[in-house]
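2 protein chains.
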Amino acid sequence: MSSQIKYILDEEKIPKYWYNIEADLKKNTPPPIDPATGAPMDPAKLEAIFSPGAIALEVSRERYIEIPEPVREIMRQWRPSPLYRARRLEKALKTPARIYYKYEGVSPSGSHKTNSALAQAFENKRCGTKKITTETGAGQWGSALAQACEIFGLECKVYMVRCSYDQKPYRKAMMELFGATTIPSPSPYTDAGRAVLARDPECRGSLGIAISEAVEDALKNPDTKYCLGSVLNHVLLHQTVIGQEAILQMEMAGDYPDIVIGACGGGSNFAGISFPFIGEMLRGGRKVDILGIEPAACPSLTRGKYTYDFGDVAKMTPMMKMYTLGSSFIPPAVHAGGLRYHGMAPQISNVMSQGLMRARTVQQLDVFRDAVIFARAEGITPAPESSHAISGAMDEARKCAETGESKAILFNLSGHGHLDMSAYLEYFAGKLKNYEYPEEEIAMALAGLPVCEAK
Amino acid sequence: MSSQIKYILDEEKIPKYWYNIEADLKKNTPPPIDPATGAPMDPAKLEAIFSPGAIALEVSRERYIEIPEPVREIMRQWRPSPLYRARRLEKALKTPARIYYKYEGVSPSGSHKTNSALAQAFENKRCGTKKITTETGAGQWGSALAQACEIFGLECKVYMVRCSYDQKPYRKAMMELFGATTIPSPSPYTDAGRAVLARDPECRGSLGIAISEAVEDALKNPDTKYCLGSVLNHVLLHQTVIGQEAILQMEMAGDYPDIVIGACGGGSNFAGISFPFIGEMLRGGRKVDILGIEPAACPSLTRGKYTYDFGDVAKMTPMMKMYTLGSSFIPPAVHAGGLRYHGMAPQISNVMSQGLMRARTVQQLDVFRDAVIFARAEGITPAPESSHAISGAMDEARKCAETGESKAILFNLSGHGHLDMSAYLEYFAGKLKNYEYPEEEIAMALAGLPVCEAK
Chain A
1 MSSQIKYILD EEKIPKYWYN IEADLKKNTP PPIDPATGAP MDPAKLEAIF SPGAIALEVS
61 RERYIEIPEP VREIMRQWRP SPLYRARRLE KALKTPARIY YKYEGVSPSG SHKTNSALAQ
121 AFENKRCGTK KITTETGAGQ WGSALAQACE IFGLECKVYM VRCSYDQKPY RKAMMELFGA
181 TTIPSPSPYT DAGRAVLARD PECRGSLGIA ISEAVEDALK NPDTKYCLGS VLNHVLLHQT
241 VIGQEAILQM EMAGDYPDIV IGACGGGSNF AGISFPFIGE MLRGGRKVDI LGIEPAACPS
301 LTRGKYTYDF GDVAKMTPMM KMYTLGSSFI PPAVHAGGLR YHGMAPQISN VMSQGLMRAR
361 TVQQLDVFRD AVIFARAEGI TPAPESSHAI SGAMDEARKC AETGESKAIL FNLSGHGHLD
421 MSAYLEYFAG KLKNYEYPEE EIAMALAGLP VCEAK
Chain B
1001 MSSQIKYILD EEKIPKYWYN IEADLKKNTP PPIDPATGAP MDPAKLEAIF SPGAIALEVS
1061 RERYIEIPEP VREIMRQWRP SPLYRARRLE KALKTPARIY YKYEGVSPSG SHKTNSALAQ
1121 AFENKRCGTK KITTETGAGQ WGSALAQACE IFGLECKVYM VRCSYDQKPY RKAMMELFGA
1181 TTIPSPSPYT DAGRAVLARD PECRGSLGIA ISEAVEDALK NPDTKYCLGS VLNHVLLHQT
1241 VIGQEAILQM EMAGDYPDIV IGACGGGSNF AGISFPFIGE MLRGGRKVDI LGIEPAACPS
1301 LTRGKYTYDF GDVAKMTPMM KMYTLGSSFI PPAVHAGGLR YHGMAPQISN VMSQGLMRAR
1361 TVQQLDVFRD AVIFARAEGI TPAPESSHAI SGAMDEARKC AETGESKAIL FNLSGHGHLD
1421 MSAYLEYFAG KLKNYEYPEE EIAMALAGLP VCEAK
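Structure follows, in structure tokens:
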């Protein structure tokens, strides 16, 4: 009877610094540009929507940036998060691979999102913000920000993608339990929402639309700022506590990963686990195979174009250079709501374009099949988003079973699925399906892309 | 900005022994009696439904009983569970009290129930059982047993109280995710279920009915045994890992509780936290105020009668001496489904009758009000059952705020409420209500009690 092995770090090992990959990249990530001028965005112009603290992190090239002590103190509730050796899963797969996973589902909101939510809420409190708006897909980011705002005494208003709002009433309940207001998006309360509803009153929404609404709300209201749960440099930076802890925990295990895997939506959990390992590589450390897993229903890294595009549907954000399916692309309503974003974080896109990582897609039915195998073996109920990483890791372990290779595979289990059980009910009832894009559909989405480069 | 303090024990501090309160009680707990003869039940007769391992524990008077290593190994996934000092809650209540809670929601099923499920599944595996039947109220026990059976390779069939089955589809999904079959109870598949349905086709069920169905199923099928998630001595024993860890963690905190609080349904989580402290007292240790909190909708300890009664509706179980509202009592469908049991564990009833503890009731609306305050302060979403302990602890802390006393209050937070969010949605929507029993209704329930003592 082999069981998991749990690697636990002392509280003092919670990272004191965030790790900034810009310090180690040979080619820095292209800056966002102002669509009005085509010139790099003046950071000061971002202050209308973001806290000065967030903006400073966004443009920093320092390798290590100190984590404010109040944020670190609150993280003590659940950090350092455990890292497990999945021996029961290895046995179920009859693989010689050594499978490790970092488990971020132990946070108050049930995912890695709390790592960034606390930091963003703290910076807003520090600069006098009273109210925060945001978007949420699956609801993990919204729950995380709701709780962080509650802790720091800020109001929180969450525009939740309608398809998730309908699929996941429990997430709405959790956001309200933590004191936030939730609004299904597209909503009739913003110009951006009204414009979408005028074209399609039945629109199920997307992260791109919800972002437009939340940004507009922040722009129109004084004392209100906007927070984004992924994509931006400072958000990815906040998540690097994950990979930094994992490096120490792999050391405890007397091992080092051959492959590091994360699910890719906007990119923050993937960056969180992988950037510290990429940093080690860039500074001369051991070569690691870095693998991003995205849903076939929203294949930005694998089928998108690396170009400047807007972060939202209404084209209110600066333009960012990223792998994108076009800011008007609305992915089908798959259950991994947190991965339904048309683009990929600029830093990850940069890393990808430099050949420092690879990516592949997985299909919804394979993801759920593997999530069930994982849950039964490891006793953890994974979120559909996180299950993309599980499925990717299991595929690598299956390859090892075929070749006889004993690779060390590390993946990030970014969150639990306790509030996503409706997805499992639909899966068990045979109601879920895969999604294959015809080439022409992707080509059409890409054809709508603005063509533009930084001047 | 004060935050929680987390007290974490090393893995080696997972208790190696269960603590058996019978060894320290001046008056031992009266044995179950055979309703056919009125004589104490012959343990051998219990083998039709329970594993020999469980029966041995049931009648043991040894103080410390070794935990089988395979069970201990699997518990390493989440044990020792954390103990928190609730400094943010203290601040929210402006209380001089020091509030501590042991958090059992970190287990695979999300509650303390896994502690006993693993031990019971292991003993059944050891004696050659192929299939296990059980009942579940809120679904926490069912999820726990489903996962434990999956680990040890046993089939699992769960009779789930219909009101919870309807209120909590996510719990059903989790049980199925862990490989179990779930059946709403009363069901048409057993004599016991059919009898209830004949009287009331719309019956919402109760733990007492579901127990009858699961026991009948086990009795009728070879290779099938029955497991109970609370009430019995061996189940309470399995839970004493909680209190044993808490004693060590209070030591780490340099403190000792003045009050120890747990929610009371069948009694297992309450016994888990309190029995090790009562044991210390009985062996000459410091006096602690032991407080059980039960729902006003099912007030067995506070309004029931201490007498021999059946454990189930169909009178299939042996008779146990316990505080009971009568085995035919069907509590209203409050959201704390796990507390809807007509009786109280015989050991707890014995402890109560000897004046070693006290009990009080709380009302549903107060419980949810306090759960929301707790969640916002501490960043944990509590189960409705566990929230009874929260509310009881908060009341004690509020008293301290009035008197200026600085008591140390320890309570058991037995599980998270991620799969109970529908209850919060109903609470926020103003749909929940309190339940006050007219004296005559309780009197009528008690009048139906069998009158009988062990010969």
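Line order of the protein sequences matches chains A and B.
The first sequence begins at 1 in this note's numbering and counts up one residue at a time.
The second sequence begins at 1001 in this note's numbering and counts up one residue at a time.
Think of the CB as a built atom: it goes at the ideal place given N, C-alpha and C, for glycine as much as any other residue.
Source: prediction; values computed, not measured.
| Query | Result |
| --- | --- |
| Near-chain B residues of the stretch 164-189 of chain A (beta-carbon distance less than 9 Å), N- to C-terminal order | P169, Y170, R171, K172, A173, M174, E176, L177, F178 and G179 |
| Residues near A192 of chain A in its chain [Cβ-Cβ closer than 6 Å; skip 5 each side] | S212, E213, E216 and A314 |
| Neighbour-count burial assignment, M444 of chain A, 16 or more Cβ in a 10 Å radius | exposed |
| Buried or exposed by the 16-neighbour rule on C-beta atoms within 10 Å, applied to N28 of chain A | exposed |
| Whole-number beta carbon distance between G1337 of chain B and G1137 of chain B, since they are thought to touch under 8 Å | 4 Å |
| As assigned by DSSP and simplified to three states, the class of L1154 of chain B | coil |
| Contacts of R376 of chain A in chain B (Cβ-Cβ under 7 Å) | E1150, F1178 and G1179 |
| Runs of alpha helix (DSSP H) wholly within the stretch 77-165 of chain A (minimum 4 residues, chain order) | 87-93, 113-126 and 140-152 |
| Span of the alpha helix (DSSP H), counted from its first residue to its last, around N1434 of chain B | Element bounds for N1434 of chain B: n/a, residue is neither H nor E. |
| R358 of chain A, DSSP secondary structure in three states | strand |
| DSSP-derived helix/strand/coil call for H416 of chain A | strand |
| Proximity test, Cβ basis, 9 Å: M421 of chain A and chain B | yes |
| L954 of chain B at chain A interface by Cβ criterion, 9 Å | Any question about residue 954 of chain B goes unanswered here, given that chain B covers just 1001 to 1455. |
| Reduced DSSP secondary structure (H/G/I, E/B, other) of K455 of chain A | Low per-residue confidence applies at K455 of chain A: pLDDT is 46, beneath 50, and the placement is therefore not dependable, though the value from the model is reported in the following sentence. If DSSP states are grouped into helix, strand and coil, K455 of chain A belongs with coil. |
| Buried versus exposed call for N412 of chain A [16 or more other C-beta atoms within 10 Å across all chains shown] | buried |
| Below-9 Å beta-carbon distance, R340 of chain A vs any chain B residue | no |
| DSSP state of P30 of chain A mapped onto helix, strand, coil | coil |
| Under 9 Å between C-beta atoms of S1185 of chain B and G1205 of chain B | yes |
| Interface residues of chain A facing H1335 of chain B [CB-CB closer than 7 Å] | The contacting residues do not exist; H1335 of chain B stays about 13 Å from chain A at best. |
| Exposed unless 16 or more other CB atoms sit within 10 angstroms - verdict on C127 of chain A | exposed |
| Inter-stretch contact at 8 Å, needing at least 3 Cβ pairs: the stretch 250-264 of chain A / the stretch 273-282 of chain A | yes |
| Residue-level contact to chain A via CB, T1240 of chain B, 9 Å cutoff | no |
| Alpha-carbon spacing of L1425 of chain B relative to A1297 of chain B, whole angstroms | 20 Å |
| Chain B contact for T381 of chain A (CB, 9 Å cutoff) | yes |
| Other residues of its chain near G1456 of chain B: CB distance less than 6 Å, five sequence neighbours each side excluded | This structure gives no information on residue 1456 of chain B, because the portion of chain B shown stretches from 1001 to 1455. |
| Proximity below 9 Å, CB of N233 of chain A to CB of E104 of chain A | no |
| Three-state secondary structure (DSSP) of E402 of chain A | helix |
| Ordered list of beta strand (DSSP E) runs contained in the stretch 1239-1321 of chain B, each at least 3 residues | 1259-1263, 1289-1295 and 1305-1310 |
| From B:T1361, B:A1447 and B:M1421, residue whose alpha carbon lies closest to that of N1434 of chain B | B:T1361 |
| Closest by C-alpha distance to K26 of chain A, when choosing among A:A408, A:W78, A:L356 and A:G392 | A:L356 |
| 9 Å Cβ cutoff, G272 of chain A in contact with chain B | no |
| Status (buried if at least 16 other CB within 10 Å, exposed otherwise) for M1320 of chain B | buried |
| Presumed contact (8 Å Cβ cut-off) between I1033 of chain B and Y1308 of chain B, rounded CB distance | 6 Å |
| Bridge-paired residues (DSSP) for L1410 of chain B | B:Y1100 and B:V1260 |
| DSSP three-state assignment for I209 of chain A, whether helix, strand or coil | helix |
| Expected contact under 8 Å - CB spacing of M96 of chain A and A401 of chain A to nearest Å | The question names Met, yet the displayed sequence has Pro at residue 96 of chain A. Yes, they are in contact, since the Cβ atoms of P96 of chain A and A401 of chain A sit about 7 Å apart, within 8 Å. |
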